[in-house]
Amino acid sequence: MPSPYRAIFAAPGTRGFSAAGLIGRLPISMVGVGILTMISEMTGRYAMASALTGTLALAAAFIGPLVSRLVDQYGQRRVLRPATLISTAAVTGLVLAAANGLPDWTLFVFAAVAGCVPSVGSMVRARWTELYRHSPRELHTAYSFESVIDEVCFIFGPILAIGLSTTWFPEAGPVIAAGCLLVGVWLLTAQRSTEPAPHPRGPDTARSSALRSPGLQVLTATFVATGAIFGSIDVSTLAFAEEQGSKSSASFILAIWAAGSCIAGIVFGLLHLKGKAERRWVLGICAMAVSMIPLLLAGNLPFLAVALFVSGLAIAPTMITTMALIEAHVPRAKLTEGMTWISTGLAVGVAVGSSVTGLVIDAAGAQRGYVVSVSSGVAAAAVAFAGYRRLTRPAQGEEPASDGDVGDSSSSEERTGRVA
């Protein structure tokens, strides 16, 4: 491991909570794809499968920030364990309902309740922030490492979910995902020494959301469109691989997509870039949008794999820069909630993207599903450009979560002047 990455693990407890976060985050990429594969294997109805995964994502989008707001107020252990028990029980109910042929509406009810799954990635990043709040260089490396872990989950998660559901039994993917969530959260919350201290709120701030920040509003809105890219690619790739006569190959192609992002994240974490993080963020969003175009030309699985690998190169650097911008625009007492709003934006986008793509595929074929990916990329770039000025304005009100832009080599005085 390169020395900047070794350095961040010098602090006690970092290896433990990072390993627990890896296990707890596998369900991010397993549950949705696992349900999609399970339903398509059982019924062949991609629209139904996409609607279920969309329901799960939308429920997580609405419930997730509430869970994270409670975490900021009461601490990770007190909130995450009950939320995880409810979510895993709902996933189990969905699997049993599907296996026993219960009415469709019961599946949607269970999918909605399963949406209280906590944002494990936000919880881990909050711990890194607590450790390296006053060390921008180390925090940049830590965020880069976490983005790499996210991509590792997206590499192996779909392989596990699709592989288990297609070669073992249809329900295997969601079942294993629920087990990973339960184990990961329990291990994470058992580590009290690195848990961020709760920030109880007074009556005047108890109902105040981190989303009141104009900068966070721009980031969240942009990531709704970005999530639509992710959702449409997942569904389109699974359907395209089936049309090509190799449905199980979808997991490996999606893994190649994540590998491109993983490699880019590792390299990005080694860099100490100068200039404004806002500008790098807009460039990253635009790069993701442009990289969607070759997907429309994919006529076979090898071409699709190469195109997805290239498109993945823009993902991790953009996500890392996004976390740096959240640090500058969200108060310290609302950091976990602020990070979760990005996941919420992605979840809403995944719900919309996967649902729309499922309808397009049923009507016009798998490759047409990538039209949704291209359209979503254009929308993300448009929102990023429209909101750029909001991101460059200093944060108002409460103390921001960090001393300044992570990864920016400007002086501490310049950073303080920009975000105070």
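According to this note's numbering, the stretch in the sequence shown is residues -1 to 418, in order. C-beta: ideal position from N, C-alpha, C; glycine also.
Item, Value
"Of the residues H270, W255, P172, the one placed nearest P300, counting alpha carbons only", "W255"
"Exposed unless 16 or more other CB atoms sit within 10 angstroms - verdict on R125", "buried"
"Outcome for S244 when other beta-carbon atoms lying within 10 angstroms are tallied against a minimum of 16", "exposed"
"Where the alpha helix (DSSP H) through Y368 begins and ends", "367 to 384"
"Cβ-based burial, G395 [other Cβ within 10 Å; buried from 16]", "Because the pLDDT of G395 is 48, which lies under 50, any placement of that residue in the model is unreliable, and the number read from its coordinates should be weighed accordingly. It is exposed - the Cβ of G395 has fewer than 16 other Cβ atoms within 10 Å."
"Under 7 Å between C-beta atoms of V233 and G356", "yes"
"contact_flag[the segment 320 to 332, the segment 261 to 269] where n(CB pairs < 8 Å) is 3 or more", "no"
"Straight-line Cα distance separating R131 from V404", "Interpretation of V404 is limited by its pLDDT of 42, a score under 50 that renders its predicted location unreliable; no figure is taken from the coordinates."
"Spatial distance of A18 from A362 (CA atoms)", "42 Å"
"Which listed residue (L92, A81, T104, A88) has its alpha carbon closest to that of V118", "A81"
"Contact the segment 372 to 384 vs the segment 208 to 220: 3+ CB pairs below 8 Å", "yes"
"Cβ neighbour criterion (16 or more within 10 Å) applied to Y368", "buried"
"Test item: CB-CB of A345 and A49 under 7 Å", "no"
"Contact under 7 Å by Cβ, V372 with M290", "yes"
"Delimiting residues of the alpha helix (DSSP H) encompassing C178", "170 to 187"
"Validate contact between the segment 17 to 33 and the segment 165 to 183 using beta carbons, cut 8 Å, 3 pairs", "yes"
"Validate contact between the segment 147 to 161 and the segment 72 to 79 using beta carbons, cut 8 Å, 3 pairs", "no"
"Backbone CA spacing between S246 and T90 [nearest angstrom]", "24 Å"
"Span separating the alpha-carbon of D406 from that of S16", "The predicted model places D406 with a pLDDT of 41, which falls under 50 and marks its position as unreliable; any figure quoted below should be read in that light. Going from the Cα of D406 to the Cα of S16 covers about 24 Å."
"Helix, strand or coil at I6 according to DSSP, with G and I counted as helix", "helix"
"CB-CB length for G161 against S249, believed under 8 Å", "6 Å"
"C-beta atoms of L389 and V216 nearer than 7 Å", "yes"
"Check whether L214 and G336 have beta carbons under 7 Å apart", "yes"
"Close Cβ partners of I37 (< 7 Å) along its chain, the five nearest in sequence each way excluded", "R43, M46, A47, L50, A96"
"Closest by C-alpha distance to V348, when choosing among E325, L302, V308, A57", "A57"
"Secondary structure, alpha helix (DSSP H): runs of 4+ residues fully inside the segment 255 to 306", "275 to 288"
"Within 7 Å, strictly: CB atoms of Y386 and V280", "yes"
"F167 in three-state terms, based on DSSP", "coil"
"Buried versus exposed call for S191 [16 or more other C-beta atoms within 10 Å across all chains shown]", "exposed"
"Through-space distance from P116 to V65, alpha-carbon basis", "7 Å"
"Closest residue to Q71 among S230, H197, E193, I313 (Cα-Cα distance)", "H197"
"Proximity to N298 [Cα-Cα], best of I227, I251, G258", "I251"
"First and last residue of the uninterrupted alpha helix (DSSP H) at T192", "T192 -> no alpha helix (DSSP H), and no H or E assigned at all."
"Pairwise C-alpha distance: Q242 and A9", "49 Å"
"Beta-carbon contacts of V111 that lie in its chain and below 6 Å, excluding the five residues immediately before and after", "A88"
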